[in-house]
Structure formats: C-alpha cells, structure tokens
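Asks: Residue 2 is where the sequence shown starts when you use our numbering, and the numbers rise one by one after that.
The C-beta atom is built at its ideal place from N, Cα and C for all residues, glycine as well.
Keep in mind it's a predicted model, so treat the numbers as computed, not measured.
Before I ask anything, here is the structure I am working with.
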Amino acid sequence: AKNGDITIFDNEFGAGIGHGPSRGLVLSVDVNHHRAKVVRSLHRKSSVRAASQGNVQGLPNGNYFIGLTPYYSEFDRKGHLVYDAQFVNTVGNTYRAFRFSWHAKPADPPAVFASASKGKTSVWMSWNGATEVSKWRVLAGATPVLLSHATTVSRHNFETSATLTGVQHYVKVQALASNGSVLGTSPVTTVQGAG
2 AKNGDITIFD NEFGAGIGHG PSRGLVLSVD VNHHRAKVVR SLHRKSSVRA
52 ASQGNVQGLP NGNYFIGLTP YYSEFDRKGH LVYDAQFVNT VGNTYRAFRF
102 SWHAKPADPP AVFASASKGK TSVWMSWNGA TEVSKWRVLA GATPVLLSHA
152 TTVSRHNFET SATLTGVQHY VKVQALASNG SVLGTSPVTT VQGAG
C-alpha cells in the first residue's frame, strides 16, 4: 500500500450522531503507522445534511467538486468555495454530481432550413447536442448535386443563421471543428420560396 490523500463524503447523518453539515473530507493517509488526518474539510455555508446521497471528486487543477443531494459545489485547493449551485426543484435530488469536460457528437445529422425572399436566401442551421462545432460551411446551388461553397460563418448559440446573396434553390451545411475538419453534414434541403 502507498501513502497518499483520499477523499470521503461524510454525510453527518445518522441516529443521534450527526451534529454538523455534510461535508467532503480530504484525508492524508500514512499506511505504515495506520493513521489518517484531515487535510481539508469542505462544506457549504448552510448546514445542509444529506441522508444518503453525496460524493467528492478531486479535479485535475487541485480543486474539489462535491455533490450533495440538490446541491453541487466546487472548492479551490485551499478550501474556499468558488462555485455553488442547486436544482431549483427542492424535491429533486441527485445521487452524485461530477464535473468533466463534456464532448458530444449526435447520431443525427445537422439540421438546416432555408427560405428565399427579396433576392436573398436565409439559412438557419443547428445540431442539437453537438459541443465541438466552431463554424458552419454553407453550400448552395441550382441543383441538389451541384452545390458549391457559399459562405462560412461562426457558430452562435443553439441556432446559427446566414444570409446569401441571390436566390439559391438547394442548400446543405457542414458543421466544422475549430481545426476546420468536417464534423457532420446535413442532408440537401430545398430552399422554401425559391420558385
């Protein structure tokens, strides 16, 4: 066995034994002497106690993330609270909460809608759940098989729009990563109102 730090979620809950708030503990363990000492005690300002649900997660930057029923909090390596949130519905709880970078690429292709009006073509594109989209490449043309690059626009929020000069009859879009690689391509779509 090796010496080191371990984290424990102490819910401070039980028949007559709980006196303080639920907390995350960081313990320094000395296996040779069979001892452990508390290095850090991490708890929210309010005295919330969890009957059964909670966890502590050590983060790569040295911080700690704690899930505590409807609450989740992050503490810096010195034990200062740097992030604190809770579910709005106080009836709802979570068994555990974790903090990770989330990357998702949906199984469905990107969605596109386009309409023509007053000599211009408006294009709206989105890809519900995709986290890596940086830009959108719009391809347009007079036939569904002969599409060429019309514009590239930066992604904005859930749905991004672009306006093309001239009336286009067909469009499709490509979701691009920050390095320019294609993450996904929509089906070819007929432009509404193109005639």
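1. May I have the straight-line CA-CA distance separating Asn33 from Tyr96, to the nearest angstrom?
2. Would you mind stating whether Arg50 and Ser74 have Cβ atoms separated by less than 7 Å?
3. What's the gap between the Cα of Gly59 and the Cα of Asp31?
4. With contact counted as at least three CB pairs below 8 Å, one residue from each stretch, are the segment 114-126 and the segment 159-177 in contact?
5. Can you tell me whether Trp128 is helix, strand or coil according to DSSP?
6. Keeping to the same chain, check which residues put their C-beta closer than 6 Å to that of Asp85; ignore five residues upstream and five downstream.
7. Here's a check: name, in chain order, each residue in its chain whose Cβ is nearer than 8 Å to the Cβ of Gly80, leaving out the five neighbours to either side.
Replies: By the coordinates alone:
1. Whole-angstrom Cα-Cα distance: 34 Å.
2. Their beta carbons are not under 7 Å apart, which means Arg50 does not touch Ser74 by this criterion.
3. For Gly59 and Asp31, the distance between alpha carbons rounds to 19 Å.
4. Contact holds: three or more Cβ-Cβ distances are below 8 Å.
5. Here Trp128 sits in coil by DSSP.
6. Contacts found: Ser74.
7. A distance below 8 Å between beta-carbons, with the five flanking residues on each side excluded, links Gly80 to the following residues of its chain, in chain order: Arg41, Ser42, Leu43.
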